[in-house]
């Protein structure tokens with residue numbers, strides 16, 4: 001019994017698809033953000049497991065890339081939550097089905 | 001990675017991560033969903049430790065478990081009570097089908113590919129190596145990331161500023 005790359009990749013695939021389901025299916029803007037963060041985390045897990053297991057000239061590159069994805073996802077989360085507060089102020093709701101400003 | 005401890009840790013942490021992620025789906029109150037999300041992030045931090053990524057594990061704890069979950073809770077308390085419902089919308093069934101298909105495709109790709117597995121041990125410690133890499137080889141992306149964070153902070157403040165400041169001519 002040992003833990004290999006495939007085990008981590010399967011965990012990451014499950015987490016990614018759960019995150020995608022949450023992103024698409026949830027009605028609340030915050031729920032959608034939660035799903036996006038879960039997908040970011042699944043991708044980070046893939047990077048780290050490749051950095052640990054796969055043949056590479058620079059095994060640390062995966063770690064550095066994860067730091068950048070964490071930075072980008074933090075910036076995205078901050079901006080998106082500001083948008084959530086703004087949407088509530090403008091439309092009085094943050095339900096995704098009422099986001100129809102671009103619909104005609 | 002044949003140690004019994006590592007195997008047990010992997011299965012326990014994976015169960016915690018995936019189980020909490022399913023809890024995010026099932027929770028009816030969005031605050032409970034955020035709490036499940038925190039548990040999922042904690043499990044992932046443990047998985048990073050089993051992959052000998054100590055710096056990333058600590059960064060995960062600080063940024064995701066600490067900062068982003070607090071940010072989500074702030075957004076929840078700043079928006080109306082009616083939106084604390086964590087229900088699914090009309091895309092529930094297509095999203096379920098798409099999620100299952102994506103999971104099946106990714107798992108098939110992971111199992112079917114012949115990965116070039118390296119014969120090496122995990123890193124002893126990564127913090128100083130990552131520090132060297134960030135200030136040497138990846139110095140330009142590092143600086144661009146700092147500009148991105150600055151833009152995100154200023155943009156968020158501008159977006160939620162209560163009243164636009166009048167410019168006096």
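Protein chains in written order, with the working numbering: chain D, 1 to 104; chain H, 1 to 169. Even glycine gets a Cβ: it sits at the ideal position worked out from N, Cα and C.
Cβ neighbours of residue i in the same chain (closer than 7 Å, five flanking residues each side left out)
{"i": "residue 48 (chain H)", "result": "56, 57 and 60"}
{"i": "residue 17 (chain H)", "result": "40, 43, 44 and 47"}
{"i": "residue 34 (chain D)", "result": "22"}
{"i": "residue 38 (chain D)", "result": "15, 18, 19 and 22"}
{"i": "residue 73 (chain D)", "result": "37 and 40"}
{"i": "residue 98 (chain D)", "result": "91"}
{"i": "residue 141 (chain H)", "result": "none"}
Cutoff 8 Å; reference residue i; Cβ partners in own chain excluding five residues on either side
{"i": "residue 126 (chain H)", "result": "52, 53, 54, 55 and 56"}
{"i": "residue 96 (chain D)", "result": "26, 27, 28, 29 and 32"}
{"i": "residue 61 (chain D)", "result": "51"}
{"i": "residue 94 (chain D)", "result": "28, 29, 30, 84, 87 and 88"}
Interface residues of chain D facing residue i [CB-CB closer than 7 Å]
{"i": "residue 92 (chain H)", "result": "25"}
9 Å Cβ cut-off: residues of chain H touching residue i
{"i": "residue 30 (chain D)", "result": "30, 33, 34, 72, 75, 76, 79, 83, 84 and 86"}
{"i": "residue 110 (chain D)", "result": "Absent from the structure is residue 110 (chain D), since the part of chain D shown begins at 1 and ends at 104."}
Amino acids of chain D, ordered along the chain, whose beta-carbon sits closer than 8 Å to that of residue i
{"i": "residue 155 (chain H)", "result": "79 and 82"}
{"i": "residue 96 (chain H)", "result": "21 and 25"}
Residues bridged to residue i [DSSP beta-bridge criterion]
{"i": "residue 26 (chain D)", "result": "H:88"}
{"i": "residue 97 (chain D)", "result": "In the DSSP output, where bridge partners are listed per residue, residue 97 (chain D) has none listed."}
{"i": "residue 54 (chain D)", "result": "H:117"}
{"i": "residue 29 (chain H)", "result": "H:85"}
Residue i: contacting residues in chain D (beta-carbon distance under 9 Å)
{"i": "residue 23 (chain H)", "result": "What residue 23 (chain H) touches in chain D: nothing, since even the nearest Cβ is about 10 Å away."}
{"i": "residue 37 (chain H)", "result": "34, 37 and 38"}
Residues of its chain near residue i, where Cβ-Cβ distance is below 6 Å and the 5 sequence neighbours each way are ignored
{"i": "residue 53 (chain D)", "result": "5"}
Mind listing which residues of the segment 106-129 of chain H have their C-beta closer than 7 Å to chain D's C-betas, in chain order?
Listed by position, the residues of the segment 106-129 of chain H near chain D (Cβ gap below 7 Å) are 106, 107, 110, 111, 115, 116, 117, 118, 122, 126 and 129.
Where the segment 52-66 of chain H meets chain D: residues whose CB sits under 8 Å from a CB there:
Within the segment 52-66 of chain H, contact with chain D at the beta-carbon level (separation under 8 Å) is assigned to 52, 53, 55, 56, 59, 60, 63 and 64.
Proximal residues, the segment 140-151 of chain H versus chain D, C-beta separation under 7 Å:
Along the segment 140-151 of chain H, going in chain order, the ones with a CB nearer than 7 Å to a CB of chain D are 141, 145, 148 and 149.
Name, going along the chain, the residues of the segment 89-100 of chain D whose beta-carbon falls closer than 9 Å to a beta-carbon of chain H.
Those would be 89, 92, 93, 94, 95, 96 and 97, in chain order.
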